[in-house]
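Enquirer: Have a look at this one before I ask anything.
2 protein chains.
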Amino acid sequence: MLHLPSLKQLQYLMALEETGHFGKAASQCNVTPSTLSSSIKELEETLGVQLAERNNRSVMMTALGLEITNRARALIQDAEAIMEIAKAASRTPLSGKMTLGVIPTIGPYLLPKVLPALKTTYPDLQLYLIEDQTEQLITRLKRGEIDAALLALPYEMEGVSTAFMFNDYFQFAANANHSLARQKSVTLEELAESDLLLLAEGHCLREHALEACQLPPRAQADNFAATSLPTLIQMVIANMGVTLLPTLAAGSLASGAENLFLCPLDPPAYREIGLAWRQASHRTDEFHLLAAALTPNEVS
Amino acid sequence: MLHLPSLKQLQYLMALEETGHFGKAASQCNVTPSTLSSSIKELEETLGVQLAERNNRSVMMTALGLEITNRARALIQDAEAIMEIAKAASRTPLSGKMTLGVIPTIGPYLLPKVLPALKTTYPDLQLYLIEDQTEQLITRLKRGEIDAALLALPYEMEGVSTAFMFNDYFQFAANANHSLARQKSVTLEELAESDLLLLAEGHCLREHALEACQLPPRAQADNFAATSLPTLIQMVIANMGVTLLPTLAAGSLASGAENLFLCPLDPPAYREIGLAWRQASHRTDEFHLLAAALTPNEVS
DNA sequence: TAACTGTGTTTGATTTTTCCGAACAATTAT
DNA sequence: ATAATTGTTCGGAAAAATCAAACACAGTTA
Numbered sequence: 006m007l008h009l010p011s012l013k014q015l016q017y018l019m020a021l022e023e024t025g026h027f028g029k030a031a032s033q034c035n036v037t038p039s040t041l042s043s044s045i046k047e048l049e050e051t052l053g054v055q056l057a058e059r060n061n062r063s064v065m066m067t068a069l070g071l072e073i074t075n076r077a078r079a080l081i082q083d084a085e086a087i088m089e090i091a092k093a094a095s096r097t098p099l100s101g102k103m104t105l106g107v108i109p110t111i112g113p114y115l116l117p118k119v120l121p122a123l124k125t126t127y128p129d130l131q132l133y134l135i136e137d138q139t140e141q142l143i144t145r146l147k148r149g150e151i152d153a154a155l156l157a158l159p160y161e162m163e164g165v166s167t168a169f170m171f172n173d174y175f176q177f178a179a180n181a182n183h184s185l186a187r188q189k190s191v192t193l194e195e196l197a198e199s200d201l202l203l204l205a206e207g208h209c210l211r212e213h214a215l216e217a218c219q220l221p222p223r224a225q226a227d228n229f230a231a232t233s234l235p236t237l238i239q240m241v242i243a244n245m246g247v248t249l250l251p252t253l254a255a256g257s258l259a260s261g262a263e264n265l266f267l268c269p270l271d272p273p274a275y276r277e278i279g280l281a282w283r284q285a286s287h288r289t290d291e292f293h294l295l296a297a298a299l300t301p302n303e304v305s
Numbered sequence: 006m007l008h009l010p011s012l013k014q015l016q017y018l019m020a021l022e023e024t025g026h027f028g029k030a031a032s033q034c035n036v037t038p039s040t041l042s043s044s045i046k047e048l049e050e051t052l053g054v055q056l057a058e059r060n061n062r063s064v065m066m067t068a069l070g071l072e073i074t075n076r077a078r079a080l081i082q083d084a085e086a087i088m089e090i091a092k093a094a095s096r097t098p099l100s101g102k103m104t105l106g107v108i109p110t111i112g113p114y115l116l117p118k119v120l121p122a123l124k125t126t127y128p129d130l131q132l133y134l135i136e137d138q139t140e141q142l143i144t145r146l147k148r149g150e151i152d153a154a155l156l157a158l159p160y161e162m163e164g165v166s167t168a169f170m171f172n173d174y175f176q177f178a179a180n181a182n183h184s185l186a187r188q189k190s191v192t193l194e195e196l197a198e199s200d201l202l203l204l205a206e207g208h209c210l211r212e213h214a215l216e217a218c219q220l221p222p223r224a225q226a227d228n229f230a231a232t233s234l235p236t237l238i239q240m241v242i243a244n245m246g247v248t249l250l251p252t253l254a255a256g257s258l259a260s261g262a263e264n265l266f267l268c269p270l271d272p273p274a275y276r277e278i279g280l281a282w283r284q285a286s287h288r289t290d291e292f293h294l295l296a297a298a299l300t301p302n303e304v305s
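If you're matching them up, the sequences are chains A and B in order. Once you know that position 265 of the first sequence is 270 in this note's numbering, the rest is easy, because the numbers rise by one and skip nothing. Once you know that position 184 of the second sequence is 189 in this note's numbering, the rest is easy, because the numbers rise by one and skip nothing.
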């Protein structure tokens, strides 16, 4: 590794070129003339070149000295630009690139509600979205492929910090002709006697729904497990069974579905929506800001 | 005056980004991991920004860290460019090592005349000499084995720049008892009727002499082709034929040779002596200085 | 002429910074 | 469990940067 001139030396050189005077250059740099003198001398030695001719009465930059001074000026400006970028980034939270993972049972229903406002609040944020299941998102989070993830909690994970955003209540969903339809609410006992349809394995909603029913996790023995919420709803409308629907998704899924019955649970049950990021990241403040910005008004 | 990051810190950052490993980055920079660690930490503090997430098992650059690393890389390159410029300039007064190729029909006759003065003018120049024929010298020049070459021109070559030094006039050389001896000059017609002796193939002097006689290049059909100028002269003295001798060499070759007759050509003919170097080299100024320094006073 | 003034440089001491080595903490591999 | 790897912390030593003061030199002034 080669021995480079120091930025300080280059700054001294610039001051010397500007003032044409060691004393003035020194005071401009808040050092004594002796410091500046020896600094310039050392710079000349490391470069192997005379930068300024000086007799006791005047300082005259060499042609080469002038050339090098100009390059030094550009160099210092670039260094200051780095400082500027860092400062701007630290005082402008949520700016620059960020990759956000989202699970399929949140993304399509939450993001349309909050992204427009997010874009307005943080115009310098370039958000890239990745949709995948919780397990994969956590893997990619730890690999650094994504910076944060919108997940449903609780979920077992190490080395990950989370910020709670809001509770997403479950609603009972059934065909309008189902025996439990037209009730104001549905109890767990009533639910237990129904054919409960679930999402396929890998979707955390499956576990969370079972947990809401106070049922133990079960292997995918169902003959019919939906691979997406819209599919699941179609199965319910076809009266193949009932299901639990997160309120977050219920609105858009139920719109236009004539034969779908929805009602709350008694007692209420919910999953928690939150933002997750690597514990090692020191951008906790930023992620809390992001979590707040991704929380829809109606539930906050 | 703002507190800038040091170039060393930026180099450490680059190494960290390249290796993704504090230990490897440290050894790449010839420092201990502790130094690198605290250096990066300090850099992060002066910038007020986290540059790399590090968990005891892996290092992961922040988006901002990557951005800053790239800018740092450009910065370091600019700093190195300054070094380069200075080094190139400090070489201007021909200092340091330089390897010079010379052809056999120039070296022994020109160099003794000019090297003493060269040594005085450029005491810091360490000149290494390589004697070989033009074709080989050009090959070695392009390979970078030599920095410049003293050649006789014209010569067909690509990617090579040349500086003209002086004209080297041909003299007619014959045995003192030759029918053309005692003339004030010799014409081309007279020359054409003589037995012209030449150097062996590969010596450019062979081609240049033929060209001076306005004769086409000829394959080496001669029964007797000399492999050096002293040998050639001996053949002339032995009255085996006549030849054309460059003035540069004539003096030292003729001294002490009783039976040798020399006279100019009518019209005069000459070869050009010049210095050649790689076109890609940016040391044009230096080579022109060298060419001037290698030109003897009597012909300049 | 001789002292004076302004200037860059040298010098020696002092302060500051840098750097290493060892111990440490945390994690993974065996 | 034990060992190996890796980044970090800490204290002291080495290196450097810096200062203040003395110095050297050239014009200028008295």
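Glycine included, every Cβ here is placed at the ideal spot set by N, Cα and C.
Please return the same chain residues whose Cβ sits closer than 7 angstroms to the Cβ of residue 213 of chain B, not counting the five positions on each side in sequence.
Expert: Indexing the second sequence from 1 puts residue 213 of chain B at position 208. Once the five neighbours on either side are set aside, the close Cβ partners of residue 213 of chain B are 157, 276.
Enquirer: Note down, in chain order, every chain B residue with its Cβ under 7 angstroms from the Cβ of residue 101 of chain A.
Expert: Here residue 101 of chain A is taken as the residue at index 96 of the first sequence, counted from 1. Neighbours of residue 101 of chain A on chain B, chain order: 68, 69.
Enquirer: Taking just the CA atoms, how far does residue 261 of chain A sit from residue 290 of chain A?
Expert: In the first sequence, counting from the first residue as 1, residue 290 of chain A sits at position 285. In the first sequence, counting from the first residue as 1, residue 261 of chain A sits at position 256. C-alpha separation (whole angstroms): 41 angstroms.
Enquirer: Could you please give the first and the last residue of the uninterrupted beta strand (DSSP E) stretch that includes residue 245 of chain A?
Expert: Counted from its first residue, the first sequence places residue 245 of chain A at position 240. Segment: none, residue 245 of chain A is in no beta strand (DSSP E) and carries neither H nor E.
Enquirer: Below 8 angstroms CB to CB, which residues in the same chain sit around residue 217 of chain A once its five sequence neighbours on both sides are set aside?
Expert: Position 212 of the first sequence, counted from the first residue, corresponds to residue 217 of chain A. Hits under 8 angstroms: 175, 249, 270, 274, 275, 276.
Enquirer: For a cutoff of 8 angstroms on Cβ pairs, would you count residue 32 of chain B as touching chain A?
Expert: Taking the second sequence and counting its residues from 1, one reaches residue 32 of chain B at position 27. Judged by the 8 angstroms Cβ criterion, residue 32 of chain B is not in contact with chain A.
Enquirer: Applying the criterion that 16 or more other CB atoms from any shown protein chain within 10 Å of the CB defines a buried residue, is residue 173 of chain A buried or exposed?
Expert: Locating residue 173 of chain A in the first sequence gives position 168, counting from the first residue. It is buried - the Cβ of residue 173 of chain A has at least 16 other Cβ atoms within 10 Å.
Enquirer: Below 9 angstroms on C-beta distance, what does residue 2 of chain A contact in chain B?
Expert: This structure gives no information on residue 2 of chain A, because the portion of chain A shown stretches from 6 to 305.
Enquirer: Is residue 279 of chain A close to chain B, meaning its C-beta is less than 8 angstroms from at least one C-beta of that chain?
Expert: Looking up residue 279 of chain A in the first sequence gives position 274. Cβ-Cβ to chain B under 8 angstroms: no for residue 279 of chain A.
Enquirer: Can you give me the C-alpha to C-alpha distance between residue 138 of chain B and residue 110 of chain B, rounded to a whole angstrom?
Expert: Residue 138 of chain B sits at position 133 when you count from the first residue of the second sequence. Residue 110 of chain B sits at position 105 when you count from the first residue of the second sequence. Approximately 9 angstroms, taken between the alpha carbons.
Enquirer: Assign residue 92 of chain A to one of two classes, buried (16 or more other C-beta atoms within 10 Å of its C-beta) or exposed (fewer than that).
Expert: In the first sequence, counting from the first residue as 1, residue 92 of chain A sits at position 87. Flag for residue 92 of chain A reads exposed.
Enquirer: Hey, quick one: how far does the alpha helix (DSSP H) through residue 120 of chain A stretch, first residue to last?
Expert: Numbered from its first residue, the first sequence carries residue 120 of chain A at position 115. From DSSP, the alpha helix (DSSP H) with residue 120 of chain A extends over 112-126.
Enquirer: Have a look at residue 51 of chain A and residue 85 of chain B and give me their C-alpha separation to the nearest angstrom.
Expert: As a working mapping, residue 51 of chain A is identified with position 46 in the first sequence. As a working mapping, residue 85 of chain B is identified with position 80 in the second sequence. Taking the straight line from one Cα to the other gives about 12 angstroms.
Enquirer: Using 8 angstroms as the limit for Cβ to Cβ distance, is residue 75 of chain B near chain A?
Expert: For the purposes of this step, residue 75 of chain B is taken as the residue at position 70 of the second sequence. No, no contact with chain A.
Enquirer: Provide the residue(s) that pair with residue 231 of chain B in DSSP beta bridges, ordered along the chain.
Expert: Counted from its first residue, the second sequence places residue 231 of chain B at position 226. BP columns for residue 231 of chain B point to B:204.
Enquirer: Which residues of chain B have a Cβ atom closer than 9 angstroms to the Cβ of residue 78 of chain A, listed in chain order?
Expert: As a first step, residue 78 of chain A is located in the first sequence; it is residue number 73 there, counting from the start. The contacting residues do not exist; residue 78 of chain A stays about 11 angstroms from chain B at best.
Enquirer: By Cβ distance below 6 angstroms, which residues in the same chain neighbour residue 238 of chain A in space, the five residues on each side in sequence not counted?
Expert: In the first sequence, counting from the first residue as 1, residue 238 of chain A sits at position 233. Around residue 238 of chain A: 258.
Enquirer: Once DSSP output is grouped into helix, strand and coil, what is the label at residue 295 of chain A?
Expert: Here residue 295 of chain A refers to the residue found at position 290 when the first sequence is read from its first residue. Of the three classes helix, strand and coil, the one that applies to residue 295 of chain A here is helix, per DSSP.
Enquirer: Ordered along the chain, which non-local residues of its own chain (more than five positions away) have a Cβ less than 8 angstroms from that of residue 122 of chain A?
Expert: Residue 122 of chain A sits at position 117 when you count from the first residue of the first sequence. Taken in chain order, the residues that qualify are 298.
Enquirer: Do the region 72-88 of chain A and the region 101-117 of chain A meet, that is, are 3 or more Cβ pairs less than 8 angstroms apart?
Expert: Flag = no, the region 72-88 of chain A and the region 101-117 of chain A do not touch.
Enquirer: Would you mind telling me which residues of chain A sit closer than 7 angstroms to residue 12 of chain B, beta carbon to beta carbon, in chain order?
Expert: Numbered from its first residue, the second sequence carries residue 12 of chain B at position 7. The answer, in chain order, is 9, 11, 12.
Enquirer: What residues in the region 265-289 of chain A bring their beta carbon closer than 9 angstroms to a beta carbon of chain B?
Expert: Taking 9 angstroms as the Cβ-Cβ cut-off against chain B, the residues of the region 265-289 of chain A that qualify are 283, 284, 285, 286, 287, 288.
Enquirer: Return the residues of the region 120-141 of chain A that lie within a Cβ-Cβ distance of less than 9 angstroms from chain B, sorted by chain order.
Expert: Those would be none; no residue qualifies.
Enquirer: Could you tell me which of A:8, A:293, A:201, A:283 sits nearest to residue 144 of chain A, measuring between CA atoms?
Expert: The residue given as residue 144 of chain A occupies position 139 in the first sequence. Measuring from the Cα of residue 144 of chain A, the nearest candidate turns out to be A:283.
Enquirer: Please say whether residue 253 of chain A and residue 115 of chain A have beta carbons closer to each other than 8 angstroms?
Expert: On the first sequence, residue 115 of chain A is found 110 positions in, with the first residue counted as 1. On the first sequence, residue 253 of chain A is found 248 positions in, with the first residue counted as 1. Going by C-beta atoms, residue 115 of chain A is nearer than 8 angstroms to residue 253 of chain A.
Enquirer: Can you tell me whether DSSP reads residue 10 of chain B as helix, strand or coil?
Expert: Reading the second sequence from its first residue, position 5 is the one you call residue 10 of chain B. Correct three-state label for residue 10 of chain B: coil.
Enquirer: Give the interface partners of residue 84 of chain A over in chain B, defined as CB-CB distance under 8 angstroms, in chain order.
Expert: Numbered from 1 along the first sequence, position 79 holds the residue referred to as residue 84 of chain A. The contacting residues are 9, 10, 80.
Enquirer: Which chain A residues are close to residue 95 of chain B, counting only those with a beta carbon under 8 angstroms from its beta carbon?
Expert: Locating residue 95 of chain B in the second sequence gives position 90, where the first residue counts as 1. Here the neighbours are 52, 53, 54.
Enquirer: Could you give the C-beta distance for residue 180 of chain B and residue 264 of chain B, rounded to a whole number, given that I count them as a contact under 8 angstroms?
Expert: By one-based count along the second sequence, residue 180 of chain B stands at place 175. By one-based count along the second sequence, residue 264 of chain B stands at place 259. Correct: roughly 6 angstroms between the Cβ atoms.
Enquirer: Can you check whether the CB of residue 65 of chain B is closer than 8 angstroms to the CB of residue 57 of chain B?
Expert: Locating residue 57 of chain B in the second sequence gives position 52, counting from the first residue. Locating residue 65 of chain B in the second sequence gives position 60, counting from the first residue. Against a cut-off of 8 angstroms, the Cβ pair of residue 65 of chain B and residue 57 of chain B comes out as a contact.
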